[in-house]
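Read the structure below first, then the notes.
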Amino acid sequence: MEASSKGDVLYSRCLSAARASPQGLDYVFYQNDLTVMGIADNPGDLLAICQDLVASHLFQAMTMDGVLVWGVREREGAGKLAALTSDERLIYGHIESTSTTGIWTKALKAKTNLHQTVMTRALKSLETKRLIKPIKSVKYPARKIYMLSHLIPSEDVTGGPWFADGELDLDLIKALTDPILHWVQARSWKEAPR
1 MEASSKGDVL YSRCLSAARA SPQGLDYVFY QNDLTVMGIA DNPGDLLAIC
51 QDLVASHLFQ AMTMDGVLVW GVREREGAGK LAALTSDERL IYGHIESTST
101 TGIWTKALKA KTNLHQTVMT RALKSLETKR LIKPIKSVKY PARKIYMLSH
151 LIPSEDVTGG PWFADGELDL DLIKALTDPI LHWVQARSWK EAPR
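For the sequence shown, UniProt numbering assigns the number 1 to the initial residue and increments by one for each residue that follows.
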């Protein structure tokens, strides 16, 4: 079997396995998982196939507990990544790694070592392509934080049900505390004898 067709077979099997798993596309494959699929004749061939898939953005190489693992991407997402510049791809990769918590622009700058103007240009470009979005953090309202546009921010970032648009939802809190206060007052206050 030709290397490119082996790569297609490996990709389709991994994509099917990831979709069938509870983690979905967040599922990671260890080398043993890929070896068991029996597509490559030896570990060197398997590594070459995986490198081709990483180069075409269909696979994502990661480390988990010091071990090399691979994640799989949809073809549509891989096509979008292929159209990005190297700076945009670098920034996108760091934002993607933070998942639903997002990443602060200062931390992003420290990780990428890009000049501020290059980073700002790349962030604006990714934002106009609707690949990333800025989010407001309840913990750090002054920080500019970015995350992937198709994800929903975690409750640590948004504040959960007690916050709306990054601000404490006083109407909700009042609506919940008034009946509780009324119930406690009705059962705890005794009329004094006259």
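Even for Gly, the Cβ is constructed at its ideal location relative to N, Cα and C.
What do you get for residue i, buried or exposed, if any count of 16 or more other CB atoms within 10 angstroms of its CB means buried?
i      : result
Leu172 : exposed
Pro134 : exposed
Glu76  : exposed
Gly79  : exposed
Lys136 : buried
Glu88  : buried
Leu84  : buried
Leu58  : buried
Tyr140 : exposed
Arg73  : buried
Ala20  : exposed
Pro153 : buried
Tyr11  : buried
Would you report the Cα separation of residue i and residue j, rounded to the nearest angstrom?
i           : j      : result
Ile95       : Glu155 : 18 angstroms
Pro193      : Thr177 : 30 angstroms
Trp70       : Ala142 : 35 angstroms
Tyr27       : Ala61  : 12 angstroms
Asp41       : Leu47  : 11 angstroms
Leu131      : Lys106 : 19 angstroms
Ile103      : Leu15  : 27 angstroms
residue 228 : Gln23  : Residue coverage of the chain in this structure runs from 1 to 194, which leaves residue 228 outside it and unanswerable.
Leu170      : Leu148 : 29 angstroms
Cys50       : Leu81  : 17 angstroms
Tyr146      : Ala110 : 15 angstroms
Ser125      : Thr117 : 12 angstroms
Asp8        : Leu25  : 17 angstroms
Ala17       : Leu90  : 27 angstroms
Pro179      : Leu123 : 47 angstroms
My output table needs one value for residue i: the three-state DSSP class, helix, strand or coil.
i      : result
Ala18  : helix
Gln23  : coil
Leu151 : coil
In this structure, what does DSSP give as the bridge partners for residue i?
i     : result
Tyr11 : Bridge partners of Tyr11: none, in fact.
Trp70 : Phe29, Ala61
Check: Can you list, in chain order, the stretches of the beta strand (DSSP E) that have 3 or more residues and sit fully within the region 93-144?
Finding: 132-135
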